[in-house]
Amino acid sequence: MPGVTIDKNHCKGCELCVKACPQQILAMSKQISIRGYFYAEMIDSSRCIGCRICAIVCPDVAIEVNVNGTTFSLFEY
Amino acid sequence: MEQDTKTIFSRPEALRDTVTHYCPGCTHGVAHRIVAEVIDSLGVREKTLGVAPVGCSVFIYNYINTDFLEAPHGRAPALATGFKRLRPDMVVFTYQGDGDLASIGMAEIIHAANRGEKITVIFINNAIYGMTGGQMAPTTISGQITTTCPFGRDVAQTGYPIRMVELLSSLSTPMYLERVTVNSPQHIIKAKRAIKKAFQYQLEGRCFSLVEVLSTCPTNWGLIPSEATKWLNDNMIPNYPLGCFKTPDDVETDHGTV
Amino acid sequence: MAKILMKGNEAIAEAAIKAGGINYFCYPITPQTEVAEYLARRIPEVGGVYLQGESELAVSNMLFGAASTGKRVFTTSSSPGISLMQEAISYMAGAQLPVVLVNIMRGGPGLGGILPAQSDYFQATKGGGHGDYRLLVLAPSSIQEAVDLMMLSFHLADKYRNPVMMIGDGMIGQMMEPVEFPDKYEEPELPPKTWAATGAKGRPAHIIKSLFLDPIALDKNSWILHDKYERMKKEEVRFELYNHSSKNKIMLIAYGTMARICQTAIDRLKEEGISVGLFRPITLFPFPEKQIYKEATKENIRELLVIEMSTAQMFEDVERAVYGKKKVNFFGRTGGIVPPPEEVMEHIKMLLNKKSKDKKKA
């Protein structure tokens, strides 16, 4: 099961990952982080396909992508 | 059955674990990361020297974990030249914005490229002077509004945006020149490949390499990051076509005898 | 090693090689281009790096990069080229990089002329570039001295991690004199360059920079630099006295080629029974202020005469050093006109006679 961890303290609320996610399962939180930004968060981890697109577009390396078991890599990165 | 968790995307080793000072959505962050990823994948962090510019990315040395020199505005290619000539065994790259490279540093980049210095230049083009608050740059698009052309760049007064990759490709010295962008996932993946190619040419001792990375400046463009990536697509790519403009394998056409 | 007859520019070039300064970045400019031409053949022989850059601006920045490797690097140029280098010199001083610069002075300001001058004293000793820094400045007055000081420059640059400038003038660059080189330049041991950028292997990354946005950090850096210059003032002052005698009523102060001419004038005046002394600063920074004060305030000295090929630059430092205790006169020639000894003698006599006339009036 792929999953994504978003570090609240690195996220600057730019929303690029939200727009980029092909599954549309990321959204901006309603709360602000200690840095004063609305941060991105996963809203439906069951539909994450581990494509890593969110992590690739994130300018702040706030996203880490993990997978359990076998997964197919959609592209080489 | 226990299933192991595998991390398939994480912070590259060559990128320090710190929060950058860059604006939200600024693609410097992406460019820094893909450069660090390439350094990691080639295993050259310990023999790499970066040359920092003057611009928002003057602090690149706080983010990419290699030895660094801090150059005066525009002079990074000259510093890189001096260093690489004495240490050809090290990997030397400069990271410069469009004000740094195409304005004050125009002479230094052309001559370093023309001499075929075996360095790699990462050229971040966001069509504006970011650090100083959004002034016009030589790469500003016609009609684009900046603080020093508040009515839009008037090409009759200040000329047209300079296309650096095309300019440098007119030189006869073999070199690798490619223009990429980082405004979408596919583009980022291609940009990383180009940057890796550029570093590989240096490792082969082959030629000068420059990768122009069309980038966003949401703050000074006055757009939110996702609008900025669209603006780049609609306005910058038509002016600055993507693609590879020169490789060292190109055969020079005969320029005719004098 | 035997003495050989060499042109100043070429002797300076060879001296650099002897001291391990085999990495050279240059740009042609009269009257020092011969250094670049000599080294174009010589440096490949010793396995160094030679590069002619696209401008002095580029060359000085290449020096920053090259000096960051920890190897000995240098350049030579002349007044207008040195002006172009001020940006990088300021950066190198701020980043504490050792580098040797040679200014073979020519007439200025602007494009000026190509004949000898001493009009870059302020530029060399009072900054030139922006910020709180100084260069260690050495001024030879013969080609042999230029050879000796050139080798010393590399040692001092490494010792203080600071740019060192040797200033000559078109005369020193162009004339030929017999010189002797040591087989090997012997120098006191220096600490290893642990600050150099050699690749972040097994150590934290080195960042060679001059930017300190935090005011406390910048303040600290400025005082680190300042302390170096104070140490230079204690340890590196060099000067020479010529015809030092308690009979002297007038003391000349001159450096470089001008000092050479003064020496001839003094010798000729001696034949006429007139005794005049010369104080020749060899380091222009640190300036031999204390020593000038000591000599100037001696009872027998009536007044001083500063002679420069300029419209009075070192003159101000002499005035400052003397603290108003004695009158400081000035005689200068510019435009590339090198005053012959006769002119200097005339001036000295004028000064001596003037005083006697006043005495008669009184």
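Respectively, the protein sequence lines represent chains C, G and D. In terms of numbering that gives the first Met the number 0, the first sequence has 29 at position 30, counting the first letter as 1, and numbering is strictly consecutive. In terms of numbering that gives the first Met the number 0, the second sequence has 90 at position 91, counting the first letter as 1, and numbering is strictly consecutive. In terms of numbering that gives the first Met the number 0, the third sequence has 178 at position 179, counting the first letter as 1, and numbering is strictly consecutive. We treat Cβ as the ideally placed atom computed from N, Cα and C, and that holds for glycine. Note that this is a predicted model, so its numbers are computed, not measured.
Taking residue i as the query, report the chain A residues whose CB atoms sit under 7 Å from its CB, ordered along the chain.
{"i": "Lys117(G)", "result": "Of the chains in the structure shown, none is chain A; the protein chains are C, G and D."}
Assuming residue i and residue j form a contact by the criterion Cβ under 8 Å, report the distance between their Cβ atoms to the nearest whole angstrom.
{"i": "Gly98(G)", "j": "Ala136(G)", "result": "5 Å"}
{"i": "Ile16(C)", "j": "Val64(C)", "result": "Just to set this straight, residue 16(C) is Cys in the shown sequence, not Ile. That pair is no contact at about 11 Å."}
{"i": "Leu167(G)", "j": "Ile109(G)", "result": "7 Å"}
{"i": "Gln262(D)", "j": "Leu277(D)", "result": "6 Å"}
{"i": "Gly7(D)", "j": "Ile142(D)", "result": "5 Å"}
{"i": "Lys117(G)", "j": "Asp88(G)", "result": "With 8 Å as the limit, Lys117(G) and Asp88(G) do not qualify as a contact, their Cβ atoms being about 11 Å apart."}
{"i": "Ile113(D)", "j": "Pro30(D)", "result": "6 Å"}
{"i": "Glu55(D)", "j": "Leu96(D)", "result": "Actually they are not in contact, since the Cβ atoms of Glu55(D) and Leu96(D) sit about 17 Å apart, beyond 8 Å."}
{"i": "Tyr60(G)", "j": "Ile206(D)", "result": "5 Å"}
{"i": "His346(D)", "j": "Leu304(D)", "result": "7 Å"}
{"i": "Phe92(G)", "j": "Ile121(G)", "result": "6 Å"}
{"i": "Lys232(D)", "j": "Pro181(D)", "result": "Lys232(D) to Pro181(D), Cβ: 28 Å. No contact."}
{"i": "Leu167(D)", "j": "Val101(D)", "result": "Inspection of the sequence shows that residue 167(D) is occupied by Gly rather than by Leu. Indeed, because the Cβ distance is near 7 Å, the residues count as touching under 8 Å."}
What is the rounded straight-line gap between the Cα of residue i and the Cα of residue j?
{"i": "Lys183(D)", "j": "Phe153(D)", "result": "14 Å"}
{"i": "Lys125(D)", "j": "Leu85(G)", "result": "31 Å"}
{"i": "Ala227(G)", "j": "Leu25(C)", "result": "20 Å"}
{"i": "Ile33(G)", "j": "Val236(D)", "result": "52 Å"}
{"i": "Tyr292(D)", "j": "Ile300(D)", "result": "11 Å"}
{"i": "Thr180(G)", "j": "Leu241(G)", "result": "8 Å"}
{"i": "Met0(G)", "j": "Pro58(C)", "result": "Legend: pLDDT at Met0(G) = 45, less than 50; position of this residue unreliable, value from coordinates given subsequently. So the alpha carbons of these two residues sit roughly 37 Å apart."}
{"i": "Ser244(D)", "j": "Ile306(D)", "result": "20 Å"}
{"i": "Asn67(C)", "j": "Asp3(G)", "result": "6 Å"}
{"i": "Gln95(G)", "j": "Ser67(D)", "result": "19 Å"}
{"i": "Arg71(D)", "j": "Ala14(D)", "result": "13 Å"}
{"i": "Ser77(D)", "j": "Tyr132(D)", "result": "21 Å"}
{"i": "Asp311(D)", "j": "Ile223(D)", "result": "First, the amino acid is wrong: residue 311(D) is Ala here, not Asp. Straight-line Cα distance between these residues: approximately 32 Å."}
{"i": "Met235(G)", "j": "Leu213(G)", "result": "8 Å"}
{"i": "Met27(C)", "j": "Tyr128(G)", "result": "30 Å"}
{"i": "Gly19(D)", "j": "Pro160(G)", "result": "46 Å"}
{"i": "His186(G)", "j": "Ile194(G)", "result": "12 Å"}
{"i": "Thr119(G)", "j": "His31(G)", "result": "14 Å"}
{"i": "Arg51(C)", "j": "Ser40(G)", "result": "18 Å"}
{"i": "Pro184(G)", "j": "Cys13(C)", "result": "15 Å"}
{"i": "Gly128(D)", "j": "Asp218(D)", "result": "18 Å"}
{"i": "Leu48(G)", "j": "Met308(D)", "result": "45 Å"}
Verify whether the separation of the beta carbon atoms of residue i and residue j is less than 8 Å.
{"i": "Val53(G)", "j": "Pro71(G)", "result": "yes"}
{"i": "Met165(D)", "j": "Leu137(D)", "result": "yes"}
{"i": "Gly115(G)", "j": "Cys206(G)", "result": "yes"}
{"i": "Gly47(D)", "j": "Ile11(D)", "result": "no"}
{"i": "Tyr239(G)", "j": "Asn125(G)", "result": "no"}
{"i": "Gly64(D)", "j": "Ser89(D)", "result": "no"}
{"i": "Ile103(G)", "j": "Gly73(G)", "result": "yes"}
{"i": "Asn113(G)", "j": "Thr172(G)", "result": "yes"}
{"i": "Gly151(G)", "j": "Gly158(G)", "result": "no"}
{"i": "Val343(D)", "j": "Ala264(D)", "result": "yes"}
Say whether chain G places a C-beta atom closer than 8 Å to the C-beta of residue i.
{"i": "Tyr241(D)", "result": "no"}
{"i": "Leu15(C)", "result": "yes"}
{"i": "Glu40(C)", "result": "no"}
{"i": "Lys29(C)", "result": "no"}
{"i": "Lys360(D)", "result": "Note that Lys360(D) has pLDDT 42, beneath the 50 cutoff, so the model's placement of it is unreliable and the number below is only indicative. False, the Cβ-Cβ gap to chain G never drops below 8 Å."}
{"i": "Val48(D)", "result": "yes"}
Would you say residue i lies against chain D (beta-carbon separation less than 8 Å)?
{"i": "Phe67(G)", "result": "yes"}
{"i": "Phe82(G)", "result": "yes"}
{"i": "Leu100(G)", "result": "no"}
{"i": "Pro71(G)", "result": "yes"}
{"i": "Thr256(G)", "result": "Low confidence applies here, because Thr256(G) scores a pLDDT of 37, under 50, leaving its location unreliable and the question unanswered by this model."}
Check whether the Cβ of residue i lies closer than 8 Å to any Cβ atom in chain C.
{"i": "Cys25(G)", "result": "yes"}
{"i": "Tyr175(G)", "result": "no"}
{"i": "Tyr188(G)", "result": "The identity of residue 188(G) in the sequence shown is Ile, whereas the question assumes Tyr. Chain C, which has a Cβ nearer than 8 Å to the Cβ of Ile188(G), makes this yes."}
Decide if residue i is buried, meaning its Cβ has at least 16 other Cβ atoms within 10 Å, or exposed.
{"i": "Gly334(D)", "result": "exposed"}
{"i": "Lys227(D)", "result": "buried"}
{"i": "Phe198(G)", "result": "buried"}
{"i": "Thr193(D)", "result": "exposed"}
{"i": "Glu272(D)", "result": "Going by the sequence as given, residue 272(D) is Gly instead of Glu. Label assigned to Gly272(D): exposed."}
{"i": "Thr197(D)", "result": "buried"}
{"i": "Gln23(C)", "result": "exposed"}
{"i": "Arg105(D)", "result": "buried"}
{"i": "Ile31(C)", "result": "exposed"}
{"i": "Glu12(G)", "result": "exposed"}
{"i": "Val154(G)", "result": "exposed"}
{"i": "Leu350(D)", "result": "buried"}
Using a Cβ-based criterion (distance less than 7 Å to any ligand heavy atom), does residue i qualify as near the ligand GDP?
{"i": "Glu176(D)", "result": "Inclusion of the ligand GDP in the displayed structure is not the case, the ligand content being empty and no account of it being possible."}
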